[in-house]
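Visitor: Mind the numbering: the sequence shown is residues 1304 to 1377 in this note's numbering, read in order.
The beta carbon of each residue, even a glycine, is placed where N, CA and C say it ideally should be.
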Amino acid sequence: MEEIIIIDKQKYINENYPFGNIPEITSEICCIHCDTIYKVEEYKVFRDEDGDEFICCPNAPDCDGTVIDWIPIG
Ligand SMILES: [Zn+2]
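#1: Rounded to whole angstroms, how far is the Cβ of histidine 1336 from the Cβ of glycine 1368, which I believe are closer than 8 Å?
#2: Is the beta carbon of valine 1348 less than 8 Å from the beta carbon of cysteine 1333?
#3: Do you know offhand how far threonine 1329's Cα is from aspartate 1353's?
#4: To the nearest angstrom, report how far apart tyrosine 1346 and asparagine 1324 are at their CA atoms.
#5: Roughly how many angstroms separate the alpha carbons of glutamate 1331 and isoleucine 1310, rounded to a whole number?
Have a look at this one:
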């Protein structure tokens, strides 16, 4: 997996978030894998050998949590 640097993180989320309610990048979420609270804008993006891109926990690659493991705070 190769990390991709995203310049406009809100735009990337708008275009790639897999669910209906697109979060603001300033909102707080909790990663259920590493139990860390962080802001959406701190996410990382990784691309695999097939070219698929994954929105991941800021603690990646130490944490294997992705966007589906985000729990909204508040
Ligand atoms: Zn995590």
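Guide: The answer reads as follows:
#1: By one-based count along the sequence shown, residue 1336 stands at place 33. By one-based count along the sequence shown, residue 1368 stands at place 65. The pair is a contact, with the Cβ atoms about 3 Å apart (cut-off 8 Å).
#2: As a working note, residue 1348 is residue 45 in the sequence shown. As a working note, residue 1333 is residue 30 in the sequence shown. No, the Cβ-Cβ distance between valine 1348 and cysteine 1333 is not below 8 Å.
#3: The count along the sequence shown starts at 1 and reaches residue 1329 at position 26. The count along the sequence shown starts at 1 and reaches residue 1353 at position 50. Their backbone Cα atoms lie some 30 Å apart in a straight line.
#4: By one-based count along the sequence shown, residue 1346 stands at place 43. By one-based count along the sequence shown, residue 1324 stands at place 21. Using only the alpha carbons, I get a separation of about 17 Å.
#5: Within the sequence shown, the letter at position 28 stands for residue 1331. Within the sequence shown, the letter at position 7 stands for residue 1310. Computed Cα separation, rounded: 19 Å.
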